[in-house]
Each structure stands twice: as C-alpha cells, then as structure tokens.
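This report concerns only the one structure given below.
In UniProt numbering, the protein residues as written are 1 to 507.
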C-alpha cells in the first residue's frame with residue numbers, strides 16, 4: 001500500500017482505521033475510523049434535512065472533534081461551510097446566517113445565548129438548529145443523522161466559505177464554484193501547499209492547532225493535515241506553556257502561529273522554556289500579521305531554523321520564505337508559491353519593475369472567486385485575472401516580495417483582521433456622534449489596537465462620560481474584540497469635498 005494512494009480521510013479510515021486522526025482539547029484521541037464515521041453520520045443528517053450540494057451550513061463550535069467531524073460531514077456532501085467567530089454577538093451571527101442563505105446551524109452551548117438570538121433573528125426553522133450541549137430550541141447534535149447507516153447518498157466536494165470585508169463595511173463571503181470532485185480524492189493543491197513547508201503525507205507528522213479554526217489558515221492547516229495522514233492535536237484556548245507541553249508530549253512536528261503567540265512564548269521565564277523538549281518541531285509556520293525582526297530572530301535562536309513565514313489571502317495565492325532565506329533578506333515575505341502569481345502594479349494596472357513600489361496583486365493557478373453578493377468589491381479588487389488586497393510593496397530582482405504598508409484601513413490585532421468600516425457604521429448610529437473614523441495604532445503586544453476618533457454633535461460634551469456611553473452602545477452591536485481601546489475627540493474629521501476621509505492625516 002503506497003502512502004500517496006491512501007491519503008484522504010475516508011481512504012485512511014479504510015486502510016489504517018486505527019491511525020490517530022484528532023487529539024481533542026481534553027486529551028481524547030479519535031481514530032480515522034471514528035472521524036470518518038461521525039462525518040458520515042452528519043453528512044447523512046444534512047441530506048435528510050433536505051440540504052443539497054451548493055447549500056450552506058453555519059458552524060459555531062470551539063476547536064474539537066465535533067467541529068472537525070461536522071466540517072468533514074458537510075464537506076463530503078457538497079455544502080459550503082461558514083465557520084463563525086464565536087466572539088461575535090447575536091446580530092452579527094444572524095447576518096452570516098441570512099447572507100449565506102444557511103439551511104442549518106450547529107452551535108455549542110457555551111455560545112448558547114448568542115446562538116439562540118442569532119437563529120431567532122435570522123428566522124431559522126427549529127428543525128435546522130443543532131447544538132453540542134443544551135441550548136433551548138436546538139436539537140442535540142447527536143440526533144443529526146442518528147439511526148441511519150452507510151455513506152451519504154450524494155457525495156461531492158464542498159468548500160469553506162470564509163467571510164472578509166465588504167464595500168459597505170459588512171463582511172462578505174469568499175465563495176468559489178464547487179469543483180464537483182470526489183471527496184475521497186485529495187486535491188493536488190493540498191499536497192503541494194504542504195510541500196512548500198516540507199510537509200509530506202504521513203511521515204510521522206503531528207500538527208498542533210492552537211488558534212480558533214474559524215480562521216481561514218488555521219482551518220486549512222487542520223483539514224490538510226488530516227487529509228494527509230497527520231495527527232491533529234487541537235487546543236481550545238491557546239496558552240504558551242500549555243503549547244510547549246503539548247509539543248513535548250505528542251512530538252509535534254508543525255504548527256501555525258501568529259507573532260503575538262511568539263511574544264507570549266518568549267515572555268515565559270527561561271527555566272520554563274528550557275523545561276520542554278521542542279526538538280520534534282520541523283516547521284513553525286507564521287503569518288497573518290507582520291512579525292517584528294527582533295521577535296523572529298529570538299524565535300530562531302530558540303527553535304532553530306524551523307520558523308517559516310508566508311503572506312497569503314483568503315481569496316487565494318501567496319508567498320513563503322524559509323528561515324535561511326529570511327536571514328539573507330530580512331523584511332521579505334518570500335517568493336510566490338508554486339502555481340501562484342505575484343505581481344506589483346501601478347494605479348493604471350501596469351506591471352512595475354524590481355524595487356518599484358505599487359499595489360501587490362495575486363493569483364492562485366486558474367482559481368477564481370467572487371465576494372458573495374458584492375459584485376462591486378469583486379470587480380474593484382481585480383485587474384484581469386489578478387486580485388489585490390490593497391497592500392503596497394515591491395519585488396526584488398529575484399522575485400522576493402517586500403511589503404511597505406498594509407491596507408489603508410485594515411487593522412490586524414493579534415493576527416485577527418478587524419475592519420474599521422463595520423465599527424464606524426455602528427458608532428455612527430449613536431445620536432451623539434456627528435462623524436467617526438476608526439484606525440489602528442501601534443500596540444507593543446498585539447501589533448495594533450483600535451482607536452476611534454469622534455466628532456460629537458454640538459449638544460454632546462467630549463470626555464470620559466461620553467466615551468463610556470459610546471463603548472457601552474457599541475458593545476451591544478459588536479464583538480468585544482472589535483471595541484475601540486481609546487476614543488479621541490475632534491471638532492471635524494479631515495474629508496475632501498466628495499466626503500472621502502483622509503485617514504493618513506488622522507494617523
């Protein structure tokens with residue numbers, strides 16, 4: 001039996017049923033037989049509800065076996081899966097359910113109050129609601145597909161549908177056409193993507209997932225690891241020393257991190273860091289936010305040349321750079337992945353030469369996408385078959401990309417993307433706000449923090465009382481991680497005659 005022939009969850013479950021697939025946060029190990037069986041049950045359950053390929057399911061679960069098996073159950077039945085950031089409030093989750101057209105919703109009891117409010121706001125039928133634990137109005141997840149046997153009737157590959165910012169400040173789903181592929185066939189993209197980082201099928205690999213799987217990259221690393229026969233060790237809430245203990249216990253070979261986690265690890269006392277054997281690590285992959293050079297150098301001094309960086313987009317495409325390459329070209333985020341295209345263009349869409357700064361554009365093979373129900377954003381982000389995130393940078397003569405600036409408005413705090421327009425839209429609803437802008441300002445620990453700049457109405461008095469009132473108002477409409485840390489007051493925001501806000505002047 002060749003390793004390549006046996007990759008894929010259901011193939012491994014057939015050929016190596018007792019191979020460990022997932023170690024959940026409680027320490028329980030589920031085999032490939034366990035995971036495939038649960039995925040089959042949930043796949044049958046979704047189909048018994050009437051869901052068909054192209055329909056959508058919304059999932060609001062913490063990292064664990066339940067989330068992983070629900071994902072694979074939906075995936076093998078051709079469904080789009082929207083993974084919910086469980087810090088969101090009820091109104092925000094309801095928007096995802098409504099915008100995606102979801103026909104089923106799976107939540108966890110720890111988020112029961114938010115899930116109940118979201119399902120009610122979205123008008124989701126009671127028969128389409130399932131929960132891990134006790135949530136009023138939700139059926140137990142264990143009843144989904146209960147009593148049925150065998151594989152789902154229709155099996156075809158589905159897809160995650162991750163949400164990113166929209167032109168109106170509301171998140172928009174990145175929706176790709178379904179491939180129609182057999183879910184037992186692992187796409188070549190999965191093997192070559194992991195190959196970028198020196199990760200191959202089986203080969204004794206163990207993946208540690210320390211971040212929530214509602215993040216695009218985090219989900220992809222877990223799913224690809226399982227598909228390639230790597231055991232996935234899942235954390236429910238990241239802790240620096242706990243991570244080191246899991247690396248030592250399970251002989252972890254690869255993990256995906258953000259710079260904030262590097263800082264937390266480095267902040268541990270030297271004797272704590274020295275107490276754990278991390279020699280099993282073959283690659284520590286980081287992205288999502290710029291990593292300060294001094295932090296990266298300290299991680300390389302500690303872990304050795306296993307720290308690999310990448311720059312990528314939910315929409316597809318990206319670059320990567322190994323530790324040795326980075327030491328030779330500090331500040332670079334690497335060269336284009338195999339099959340990916342990276343170009344730097346001017347405002348007229350003309351390609352720029354080495355060293356010339358412009359907008360960074362990407363493409364992943366022949367892959368295409370659209371922003372769900374946002375044709376304007378889809379159109380505005382493209383030049384031909386290339387798309388941009390709005391990042392400025394340049395390429396050197398060898399094709400290594402250097403980023404000069406991030407999107408003008410995007411705030412990245414602790415590796416999490418935060419979209420100011422969404423926060424501005426909500427704060428502007430307060431009767432004492434005449435105008436508002438939200439920007440990111442430096443934070444030594446999180447990279448950036450959120451600052452709101454408010455022009456109050458003439459009858460409002462700027463100060464601590466107004467700040468408390470505005471933040472209390474925002475807390476009813478936005479997740480906690482989206483709330484400004486500070487609020488500044490001005491008489492007028494800098495806008496041009498057409499109303500365009502000059503955020504660079506604010507910064």
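The C-beta atom is built at its ideal place from N, Cα and C for all residues, glycine as well.
- prompt: Does the region 322-330 touch the region 299-312, meaning 3 or more C-beta pairs lie closer than 8 Å?
  reply: A contact exists between the region 299-312 and the region 322-330.
field: Spatial neighbours of residue 262 in its chain, beta-carbon cut-off 6 Å, leaving aside the 5 residues before and after
entry: Translated into positions along the chain shown, residue 262 becomes position 262. Cβ neighbours of residue 262 within its own chain (closer than 6 Å, five residues either side excluded): 295, 299.
task: Hey, could you find the ends of the beta strand (DSSP E) residue 60 is sitting in?
output: Walking along the chain shown from the start, residue 60 turns up at place 60. In the DSSP assignment, residue 60 falls within the beta strand (DSSP E) that extends over 56-60.
N-terminal and C-terminal residue of the alpha helix (DSSP H) that residue 114 is part of: In the chain shown, the residue the question calls residue 114 occupies position 114. 112-122 is the extent of the alpha helix (DSSP H) around residue 114.
field: Inter-stretch contact at 8 Å, needing at least 3 Cβ pairs: the region 57-76 / the region 203-215
entry: Enough Cβ pairs lie closer than 8 Å, so yes.
task: Go to residue 8, then tell me how far its beta strand (DSSP E) extends in each direction, as first and last residue.
output: Counting from 1 along the chain shown, the entry for residue 8 is found at position 8. Looking at the DSSP string, residue 8 is not in any beta strand (DSSP E), and its letter there is neither H nor E.
- prompt: From 134, 182, 139, pick the residue whose C-alpha is nearest to that of residue 154; which is it?
  reply: Counted from its first residue, the chain shown places residue 154 at position 154. Nearest C-alpha to residue 154: 182.
query: Which ranges would you report for the alpha helix (DSSP H) in the region 208-233 if only whole runs of at least 4 residues count?
result: 216-227
Reduced DSSP category for residue 100 - H, G, I as helix; E, B as strand; rest coil: In the chain shown, the residue the question calls residue 100 occupies position 100. Note: residue 100 maps to helix in three-state DSSP.
field: Spatial distance of residue 137 from residue 350 (CA atoms)
entry: Counting from 1 along the chain shown, the entry for residue 137 is found at position 137. Counting from 1 along the chain shown, the entry for residue 350 is found at position 350. Computed Cα separation, rounded: 56 Å.
query: Would the beta-carbon of residue 57 be found less than 7 Å away from any heavy atom of the ligand NAP?
result: As presented, the structure is devoid of all ligands, the ligand NAP included, so that no description of it is given.
message: I need the straight-line Cα distance from residue 39 to residue 341, nearest angstrom please.
response: The residue you call residue 39 lines up with position 39 of the chain shown. The residue you call residue 341 lines up with position 341 of the chain shown. Computed Cα separation, rounded: 35 Å.
query: If you draw a straight line from the alpha carbon of residue 346 to that of residue 388, how long is it in whole angstroms?
result: To locate residue 346, count along the chain shown from 1; it is residue 346. To locate residue 388, count along the chain shown from 1; it is residue 388. Going from the Cα of residue 346 to the Cα of residue 388 covers about 12 Å.
- request: Indicate whether residue 456 and residue 487 have their beta-carbon atoms separated by less than 8 Å.
  value: Mapped onto the chain shown, residue 456 falls at position 456. Mapped onto the chain shown, residue 487 falls at position 487. No, Cβ-Cβ distance for residue 456 and residue 487 is not below 8 Å.
message: For residue 330 and residue 399, I'd like the C-alpha separation in whole angstroms.
response: Against the chain shown, residue 330 aligns to sequence position 330. Against the chain shown, residue 399 aligns to sequence position 399. Their Cα atoms are separated by approximately 14 Å.
- prompt: Straight-line CA distance for residue 122 to residue 98?
  reply: Taking the first residue of the chain shown as position 1, residue 122 is located at position 122. Taking the first residue of the chain shown as position 1, residue 98 is located at position 98. Put simply, the backbone Cα of residue 122 is about 6 Å away from that of residue 98.
For residue 250, the first and last residue of its enclosing beta strand (DSSP E): Your numbering for residue 250 matches position 250 in the chain shown. First-last for residue 250: 240-250, but that is the alpha helix (DSSP H), not the beta strand (DSSP E).
C-alpha gap between residue 61 and residue 354, whole angstroms: For the purposes of this step, residue 61 is identified with residue 61 of the chain shown, where counting begins at 1. For the purposes of this step, residue 354 is identified with residue 354 of the chain shown, where counting begins at 1. Cα to Cα, residue 61 sits roughly 45 Å from residue 354.
- prompt: Which value, in whole angstroms, describes the spacing of the CA atoms of residue 228 and residue 32?
  reply: Translated into positions along the chain shown, residue 228 becomes position 228. Translated into positions along the chain shown, residue 32 becomes position 32. The alpha-carbon separation between residue 228 and residue 32 amounts to approximately 12 Å.
field: Close-in-space but distant-in-sequence residues of the same chain around residue 116 (CB under 7 Å, 5 per side omitted)
entry: Start at 1 with the first residue of the chain shown, and residue 116 comes out as number 116. Cβ within range, chain order: 135, 136, 137.
Residues near residue 416 by beta carbon distance below 7 Å, same chain, minus five either side: For the purposes of this step, residue 416 is identified with residue 416 of the chain shown, where counting begins at 1. So the qualifying residues of the chain are 481.
message: Just to check my reading of the structure: residue 255 and residue 208 have Cβ atoms closer than 8 Å, yes? What is that Cβ distance to the nearest angstrom?
response: Residue 255 sits at position 255 when you count from the first residue of the chain shown. Residue 208 sits at position 208 when you count from the first residue of the chain shown. With 8 Å as the limit, residue 255 and residue 208 qualify as a contact, their Cβ atoms being about 4 Å apart.
message: Just verifying my parser: in three-state terms, what is the DSSP assignment at residue 160?
response: Counted from its first residue, the chain shown places residue 160 at position 160. Correct three-state label for residue 160: strand.
field: Cβ neighbour criterion (16 or more within 10 Å) applied to residue 111
entry: For the purposes of this step, residue 111 is taken as the residue at position 111 of the chain shown. Flag for residue 111 reads buried.
message: For the pair the region 266-273 and the region 412-427, tell me if three or more CB-CB distances fall below 8 Å.
response: no
query: Three-state secondary structure (DSSP) at residue 105?
result: As a first step, residue 105 is located in the chain shown; it is residue number 105 there, counting from the start. Residue state, collapsed to three classes: strand.
query: From residue 7 to residue 104, what distance separates their C-alpha atoms?
result: Residue 7 sits at position 7 when you count from the first residue of the chain shown. Residue 104 sits at position 104 when you count from the first residue of the chain shown. When rounded, the distance between both Cα atoms is 29 Å.
task: Measure the C-alpha to C-alpha separation of residue 336 and residue 51 and round it to an integer number of angstroms.
output: Translated into the one-based positions of the chain shown, residue 336 becomes position 336. Translated into the one-based positions of the chain shown, residue 51 becomes position 51. So the two alpha carbons sit approximately 38 Å from each other.
message: Looking only at its chain, what residues have a beta carbon closer than 8 Å to the beta carbon of residue 451, apart from the 5 residues adjacent to it on each side?
response: Along the chain shown, read from residue 1 onward, the residue named residue 451 stands at position 451. Answer for residue 451: 438, 439, 440, 441, 484, 485, 486, 487, 488, listed in chain order.
- prompt: Can you list the beta strand (DSSP E) stretches of 3 or more residues lying completely in the region 325-371, in chain order?
  reply: 332-336, 340-345, 358-364
field: Three-state secondary structure (DSSP) of residue 402
entry: Taking the chain shown and counting its residues from 1, the one referred to as residue 402 is at position 402. Reduced to three states, the DSSP call for residue 402 is strand.
query: Apart from the five residues just before and just after residue 58, which ones in its own chain have a Cβ nearer than 7 Å to its Cβ?
result: Position 58 of the chain shown, counting from 1, holds the residue named residue 58. So the list reads 82, 84, 96, 97, 100, 102, 105, once near-sequence residues are dropped.
- request: State the DSSP-derived secondary structure class of residue 296, mapped to helix, strand or coil.
  value: Residue mapping note: residue 296 aligns to position 296 of the chain shown, counting from 1. In this structure, residue 296 counts as helix in the three-state DSSP scheme.
field: Contacts around residue 113, its chain only, beta-carbon distance under 6 Å, and the 5 residues preceding and following it disregarded
entry: Position 113 of the chain shown, counted from the start, is the residue given in the question as residue 113. Cβ neighbours of residue 113 beyond the five flanking positions: none.
message: With DSSP as the reference, identify every bridge partner of residue 413, one or two as the case may be.
response: In the chain shown, residue 413 corresponds to position 413, counting from 1. For residue 413, which the question treats as bridged, DSSP gives the partners 416.
query: Terminal residues of the continuous beta strand (DSSP E) containing residue 449?
result: If you number the chain shown from 1, residue 449 lands on position 449. Unbroken beta strand (DSSP E) run through residue 449: 447-456.
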